[in-house]
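Engineer: Please read through the structure below; I'll follow up with questions.
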Amino acid sequence: MDSFVINGGQTLAGTISVSGSKNSALPILAVSIMTSERCEFRNVPLLRDIQTQVKILNTLGVETTWEGHEVTTRVLDTYNSTAPYELVKQMRAGVCVLGPLLAARGEATVSLPGGCVIGERPIDLHLRGLQALGAVISLEKGYINAVVPKGGLRGCEIYLGGKFGSSVLATDNVMCAATLAKGTTIIECAACEPEVVDLANCLISMGAKIEGAGSPRITIHGVKKLKAASWTVIPDRIETATFLLAGAITRSPITVSGCRPEHLLAVLDIMRQMGIAIERKGSSLKVVPCTRPKSVEVTTLPYPAFPTDVQSQIMAVMAVAEGTSILTERIYPDRFMAAAELKRMGANISVSNGQAVIQGVPHLSGAQVMASDLRASAALVLAGLAAEGETRISRVYHIDRGYERIEERLRRLGAKIMRVPEVDESLAVALAAGG
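Anchor point for the sequence shown: position 44 equals 43 in numbering that gives the first Met the number 0, and the numbering is continuous, going up by one each time.
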């Protein structure tokens, strides 16, 4: 495993381009299961999660070729419909092959998903939606076993609302399955995120009949088959937000290019409330930093509200803001893994009942910290960039799941950040003692 060593306090400058969306690319790659034709997917980010998804597809008989940011796929055989624990445990989005497998092959055995440890993330909405279409589902030995009845999947009206609102991956799975079902399916309380729209548009380009993607009501008219996909993945809005907040916390005029500003209106509004101006020019956003950000209240909610995947990063900026900020998490109430590590760097944060109270401090101090999940990792990188002294972040394999070569890209902006092999502290002590 590797660590990041950051010497903070540097003012950054320059332009950083945004990668393709991880959360779009993962389910979009899965639709290659649904056609026998060769598919081409462009602007695919070079990430650990994408590598895992490609391996899952390989086990399902899908031949893949990955060159640069383009992945081509073709189904060679359909004998295996099992997505194994060894791969699916590595990321939550591994479950997104469930709907495509059911639609194309009539059966699916998929391990219950893994991913970041950020609290309860049930899959009941996935199962409820697929069962409504007619799938027979059972859970056994950590696997989801799903079978399509003899008459095939049939369209119906489905309500996909859950305890914390809509679900992106459940909407993705049900939409994919409904694409090849008989009749018309209406998904109520569908997720409205841009990643759902991107998947729907990709399916439409393959011959699917889908209306209303991006709204809480999606209508799918089933078709008999899909043709090849040739699709370019949208830019990653979470990565865009992370880099903008890097400019905010380091008080640097960073320009983020190749993004979709319309996907980030809630984040941009909060930044303006904090006194951080943003200049927009086409597909680029430039941070106009302030001397010190102002405190603010933020609540995470489903799109188009403030995204839960930016909660940890905005917490890092709040840690050095003037005054007291309130951060309420409505999607994953236990998702405050970054708080304890930020406190090691001098942040004043109190977490209770799904809410964090952050009393801003003038500056953070470098420290040894540990990444616990993908977005908490990003928050620690932001904090390290702004902190006085050296910060060492261990277990950065988490950040490799969602940010492509982040240390190299930040160095081009002037950041002093290096990737180094992780040291076993007990071994280092023994060696120092001559053991």
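No residue lacks a Cβ here, since even glycine has one placed at the ideal position from N, Cα and C.
These numbers were taken from a predicted model, which means no experiment stands behind them.
By DSSP, does H220 sit in helix, in strand, or in coil?
Structural biologist: Residue numbering aside, residue 220 sits at position 221 when the sequence shown is read from its first letter. If DSSP states are grouped into helix, strand and coil, H220 belongs with the strands.
Engineer: Determine the burial state of V255: buried for a count of at least 16 other Cβ atoms within 10 Å of its Cβ, exposed for fewer.
Structural biologist: As a position in the sequence shown, residue 255 is number 256, starting the count at 1. Classification for V255: buried.
Engineer: With a threshold of 8 Å on Cβ separation, who are the neighbours of N449 within its own chain once the five nearest residues in sequence on each side are excluded?
Structural biologist: Lying outside 0 to 434, the shown extent of the chain, residue 449 is not represented and no answer is given.
Engineer: Nearest to S371 by CA position, among E85, Q50, V380, is which residue?
Structural biologist: Residue mapping note: residue 371 aligns to position 372 of the sequence shown, counting from 1. Residue V380 is the option with its Cα nearest to S371.
Engineer: May I have a chain-ordered list of the alpha helix (DSSP H) segments no shorter than 4 residues that lie completely inside the stretch 27 to 77?
Structural biologist: Those alpha helix (DSSP H) runs which fall completely within the stretch 27 to 77 and span 4+ residues are 47 to 58.
Engineer: How big is the Cα-Cα spacing for S447 and I330?
Structural biologist: Any answer about residue 447 is impossible in this case: the structure gives the chain only from 0 up to 434.
Engineer: Report yes if the CB atom of V70 is closer than 8 Å to the CB atom of T63, and no otherwise.
Structural biologist: What you label residue 70 is simply residue 71 of the sequence shown in a count that begins at 1. What you label residue 63 is simply residue 64 of the sequence shown in a count that begins at 1. Yes.
Engineer: Which whole-angstrom value is the C-beta distance of S364 and A386, which I expect to be below 8 Å?
Structural biologist: By 1-based counting over the sequence shown, the position of residue 364 is 365. By 1-based counting over the sequence shown, the position of residue 386 is 387. Yes, S364 and A386 are in contact; Cβ-Cβ is about 6 Å, under 8 Å.
Engineer: At what residues does the beta strand (DSSP E) containing M417 begin and finish?
Structural biologist: The residue labelled residue 417 in the question sits at position 418 within the sequence shown. It spans 415 to 420 - the beta strand (DSSP E) in which M417 sits, taken as one unbroken run.
Engineer: What residues match up with Y158 in a beta bridge as DSSP calls it?
Structural biologist: For the purposes of this step, residue 158 is taken as the residue at position 159 of the sequence shown. BP columns for Y158 point to E187.
Engineer: Does any C-beta atom of chain B lie closer than 8 Å to the C-beta of R250?
Structural biologist: Absence of chain B from the displayed structure is noted, only one protein chain being present.
Engineer: Does M234 come out as helix, strand or coil in the three-state DSSP assignment?
Structural biologist: Working through the sequence shown from its first residue, we reach residue 234 at position 235. What sits at residue 234 in the sequence shown is Pro, not Met. The answer is strand: DSSP assigns P234 an E or B state.
Engineer: Would you be able to state if there are at least three C-beta pairs under 8 Å between the stretch 286 to 294 and the stretch 256 to 269?
Structural biologist: Judged by Cβ distances under 8 Å, the stretch 256 to 269 makes no contact with the stretch 286 to 294, as fewer than three pairs qualify.
Engineer: For I136, which residues of its own chain have a beta-carbon under 6 Å away from its beta-carbon, when the five flanking residues on both sides are left out?
Structural biologist: Here residue 136 refers to the residue found at position 137 when the sequence shown is read from its first residue. Same-chain partners within the cutoff: L126, Q130, A145.
Engineer: Given S166, which residues of its chain have a CB within under 7 Å of its CB, disregarding the five upstream and five downstream residues?
Structural biologist: On the sequence shown, position 167 is the one that residue 166 refers to. Same-chain partners within the cutoff: L124, L159, A190.
Engineer: Cα-Cα, which of T249, S31, I157, K88 is closest to T184?
Structural biologist: Residue 184 sits at position 185 when you count from the first residue of the sequence shown. It is I157.
Engineer: Please name the residue or residues paired with D1 in a DSSP beta bridge.
Structural biologist: In the sequence shown, the residue the question calls residue 1 occupies position 2. Beta-bridge pairing links D1 to P420.
Engineer: Considering only C-alpha positions, which residue in the set G98, K88, A366 is nearest to L28?
Structural biologist: Stepping through the sequence shown from its first residue, residue 28 is reached at position 29. Comparing Cα positions, the closest option is G98.
Engineer: Reducing DSSP to helix, strand and coil, say where R271 ends up.
Structural biologist: Against the sequence shown, residue 271 aligns to sequence position 272. The answer is helix: DSSP assigns R271 an H, G or I state.
Engineer: Please name the residue or residues paired with K293 in a DSSP beta bridge.
Structural biologist: For the purposes of this step, residue 293 is taken as the residue at position 294 of the sequence shown. Its beta-bridge partners are E321.
Engineer: Exposed or buried, which one is M205 when buried takes at least 16 other CB atoms within 10 Å?
Structural biologist: One-based indexing of the sequence shown puts residue 205 at position 206. Buried is the call here.
Engineer: Based on the DSSP secondary-structure assignment, which residues constitute the bridge partners of V286?
Structural biologist: Counting from one through the sequence shown, the residue named residue 286 turns up at place 287. Note: V286 sits in a beta bridge opposite I277.
Engineer: Let me know the secondary structure DSSP gives K181 once reduced to three states.
Structural biologist: Your numbering for residue 181 matches position 182 in the sequence shown. If DSSP states are grouped into helix, strand and coil, K181 belongs with the strands.
Engineer: By DSSP, does T254 sit in helix, in strand, or in coil?
Structural biologist: As a working note, residue 254 is residue 255 in the sequence shown. In this structure, T254 counts as strand in the three-state DSSP scheme.
Engineer: For the beta strand (DSSP E) that S137 lies in, which residues bound it at each end?
Structural biologist: Here the question's residue 137 lines up with position 138 in the sequence shown. From DSSP, the beta strand (DSSP E) with S137 extends over 135 to 139.
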